[in-house]
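Notes follow the structure.
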Amino acid sequence: MPEDIRIGTAGWSFPRALEVFPAGGSGLERYAAVFNAVEINSSFYRPHQRKTYERWAASTPAGFRFGVKVPRTITHERRLVDIAEPVARFLDECGGLGGKLGPLLIQLPPSLGFDAGIVERFLAAWRKATTAATVLEPRHPTWFDAPAETLLRTFEVAQVAADPAVVQAAAEPGGWSGLTYRRLHGSPAMYATSYDDGRLEPLAERIGGETGAAQSWCIFDNTQFGAAAADALRLTALTSPGPVR
Numbered sequence: 020m021p022e023d024i025r026i027g028t029a030g031w032s033f034p035r036a037l038e039v040f041p042a043g044g045s046g047l048e049r050y051a052a053v054f055n056a057v058e059i060n061s062s063f064y065r066p067h068q069r070k071t072y073e074r075w076a077a078s079t080p081a082g083f084r085f086g087v088k089v090p091r092t093i094t095h096e097r098r099l100v101d102i103a104e105p106v107a108r109f110l111d112e113c114g115g116l117g118g119k120l121g122p123l124l125i126q127l128p129p130s131l132g133f134d135a136g137i138v139e140r141f142l143a144a145w146r147k148a149t150t151a152a153t154v155l156e157p158r159h160p161t162w163f164d165a166p167a168e169t170l171l172r173t174f175e176v177a178q179v180a181a182d183p184a185v186v187q188a189a190a191e192p193g194g195w196s197g198l199t200y201r202r203l204h205g206s207p208a209m210y211a212t213s214y215d216d217g218r219l220e221p222l223a224e225r226i227g228g229e230t231g232a233a234q235s236w237c238i239f240d241n242t243q244f245g246a247a248a249a250d251a252l253r254l255t256a257l258t259s260p261g262p263v264r
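Per the working numbering, the very first residue in the sequence shown carries number 20; after that it's consecutive.
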């Protein structure tokens, strides 16, 4: 697979029946033998020590990358306000990934509408704290308009392309064009529905057309019944050079 395409799942659990994963090693080691990226979701719910991130990084190949979800303390509890201390703590922790740190994911609560003043102050503080690749997944309709798009571009933050999408614009990449990041949660049943070839084949074609100018990530979050790993494997095959079965 081209290095500018990264496909994986939210977390690294997968059905034991998938024989493509090697038998030996930890769950992460087995996962990283097949995929080139993962999204750490557990960081949203609880902090991990820096040494834990260091151990994860040491367990994976050189080309592997970790996306990391920003803690809910920042997004859901403080709602982007008064965030200097939790941001500094989070960045120090996930900094343990070193060169294997991928995009930082800021997922907003559905109730958090766009407020230009709050958002500009937050993004300015965020960019003062880190230059790491950053993606934002807004889930309120007020985010999908020109003022939000302008701020995201100004601070080089990409808007997640999500499925299902709260509005049509949420299904498309937005914001900073230096990174494309898709999160496929499963639809119509969130976290449960798998994606068939009728949906994955056109997606693979799109991803293939996006490479070169921007890195493209695609994370499957339909993990409830184990569909994510199988869907990620299929998309990996569809985006890899050579014949596809």
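C-beta atoms are modelled at their ideal positions from N, C-alpha and C, and glycine is treated no differently.
Nearest-angstrom Cα distance between Trp145 and Pro157? 16 Å
Roughly how many angstroms lie between the CA atoms of Arg191 and Ala184, to the nearest whole one? Reading off the sequence, residue 191 comes out as Glu, not Arg. Those two C-alpha atoms are separated by around 9 Å.
Rounded straight-line distance, which links the Cα of Glu104 to that of Pro160: 29 Å
To the nearest angstrom, how far is it from the Cα of Thr79 to the Cα of Gly27? Computed Cα separation, rounded: 14 Å.
So does the stretch 56-71 actually touch the stretch 102-118, counting three or more Cβ pairs closer than 8 Å? yes
For the structure I just gave you, are there three or more beta carbon pairs, one from the stretch 135-150 and one from the stretch 226-244, closer than 8 Å? no
Could you tell me how far apart the beta carbons of Leu155 and Gln178 are, in whole angstroms, since I believe they sit closer than 8 Å? 6 Å
Quick one: what does DSSP say Asp58 is sitting in, helix, strand or coil? It is worth fixing the name first, because residue 58 is Glu in this sequence and not Asp. Here Glu58 sits in strand by DSSP.
With DSSP collapsed to three states, give me the class of Gln192. With the sequence shown as reference, residue 192 is identified as Pro, and Gln is not the correct amino acid for it. Reduced to three states, the DSSP call for Pro192 is coil.
Ordered list of beta strand (DSSP E) runs contained in the stretch 150-224, each at least 3 residues: 153-156, 176-178, 180-182 and 198-203
Verify the contact flag: Glu175, CB atom, against every heavy atom of the ligand NAP, threshold strictly below 6 Å. In the structure on display, the ligand NAP does not appear, and there are no ligands present to speak of.
Please name the residue in Pro41, Arg108 and Ala56 whose C-alpha comes closest to that of Ala81. Ala56
Residue of Ser206, Ala181 and Gly193 minimising C-alpha distance to Ala167: Gly193
Considering only C-alpha positions, which residue in the set Phe163, Thr173, Val106 and Leu120 is nearest to Val186? Phe163
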